[in-house]
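A short worksheet on the structure shown next.
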Amino acid sequence: MTDDPTTNENDQRRTTGRPDDQVDQTEKQHEDTEDTEGPMDTGGARRALVTGAARGQGAAIVRTLVAEGYVVLACDVLADELAAVAAEAPEQVVAQPLDVTSEAGWSAAVAVAKEKWGGLDALVNNAGTLHRASLLEEDPAAFERAWRVNCLGPLLGLQACVPLLRSGNAPAVVNTVSNAALRPFDRHVGYASSKWAARGLSLSAALELAELGIRVNTVLPGPIATPMLSPESVPRISSFVPLGRPGEPPEVAAVVAFLLSDASSYLVGAEVLVDGGQLLRTHL
Ligand SMILES: NC(=O)c1ccc[n+]([C@@H]2O[C@H](COP(=O)([O-])OP(=O)(O)OC[C@H]3O[C@@H](n4cnc5c(N)ncnc54)[C@H](O)[C@@H]3O)[C@@H](O)[C@H]2O)c1
């Protein structure tokens, strides 16, 4: 295999420089075995990797992309929930165990995408973790954990996936940040600081990767009704969000799908607030 990401496996077979008869023999062997060993022909379907896909917004993103005809490598640490999401569309979704803080885990996930589909066109860095702690109460290990999942995870995802995305079709990345990366988030120092960093990472990546033809954009959700949000907090949230309710996961997933699609082909480094107008309150 070559490391040149602009060369896909089929091109390689044509450019090995071997004598023609040897190439013919190899072509013949490939034809004989491609039904069982080569990447699956996705019929032009876009190929996406989504993290944090076992529940909440990630599961909604998987469902939305499936409805749009994508094939999806759905990744998470929650094996049972992930398997249930994948089972909803077994022809289009492959469940892949992945801890986004693990470089080896990312290598394995990317290898699966390459083996199954020959590459990737889209990456959604959605996995995240929240914990509440004030400045003076924050535990260093919990602080570091938030940073590892919420900021290091997207970095490792980009590093692992860019070689495949470079040769993908209209490649695009969406990072899920938070509207907590645009304001102070009271008594959530680990989460808020990790999301501010993830926002900076996303903008830097948008700049660098645009030169490679890969668009990077972010969504910044406000309160969304997922397991991350405690049910007890919903009445309080409803009172301070101008729309009067938390968002639903498909409302974020629709924006993610738009940012991955050709409909957003000139958007680079966009930061799309999906928060029911919550941040507008800060202007009052
Ligand atoms: N729900 C909200 O109110 C809200 C608001 C702003 C931003 N966000 C962000 O949206 C994203 C999705 O969160 P959600 O609301 O769906 O919450 P959720 O808790 O339902 O889902 C998060 C998912 O990420 C997975 N995950 C956590 N650590 C992981 C790791 N190390 N490797 C792989 N997967 C891991 C979890 O298992 C879970 O499936 C997160 O990045 C979160 O920070 C959520």
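Following the numbering used here, the numbering of the sequence shown begins with -1 at its first residue and continues without gaps.
Heads up, the beta-carbon is just placed ideally off N, CA and C, and yes, glycines get one too.
query	result
DSSP state of GLN90 mapped onto helix, strand, coil	coil
DSSP bridge partner residues for ASP184 (one or two, in chain order)	None, per the DSSP bridge assignment.
GLY50 beta carbon near ligand 1 (any heavy atom closer than 6 Å)	yes
Three-state secondary structure (DSSP) of ASP78	helix
Bridge partner(s) assigned by DSSP for ARG53	Beta-bridge pairing links ARG53 to no other residue.
Closest Cα partner of LEU162 within the set GLY267, SER228 and ALA111	ALA111
Where GLU7 falls: helix, strand or coil (DSSP)	Low local confidence applies: a pLDDT of 30 at GLU7 is under 50, so the model's placement there is unreliable, and no value is given.
PRO247 - containing alpha helix (DSSP H), residue span	247 to 258
Complete runs of the beta strand (DSSP E) confined to the segment 97 to 143 [at least 3 residues]	120 to 123
Where LEU257 falls, given that 16 or more other Cβ within 10 Å makes a residue buried	buried
ARG213 - containing beta strand (DSSP E), residue span	213 to 219
Neighbour-count burial assignment, ARG213, 16 or more Cβ in a 10 Å radius	buried
Minimum C-alpha distance to LYS193 - residue among SER202, ARG181, VAL175 and ASP74	VAL175
Residues sharing a beta bridge with ARG45, DSSP	VAL69
Beta-bridge partners of ALA170, as assigned by DSSP	ALA120 and ARG213
Assigned secondary structure, VAL270 (DSSP; H/G/I helix, E/B strand, else coil)	strand
Check whether ALA72 and VAL98 have beta carbons under 7 Å apart	no
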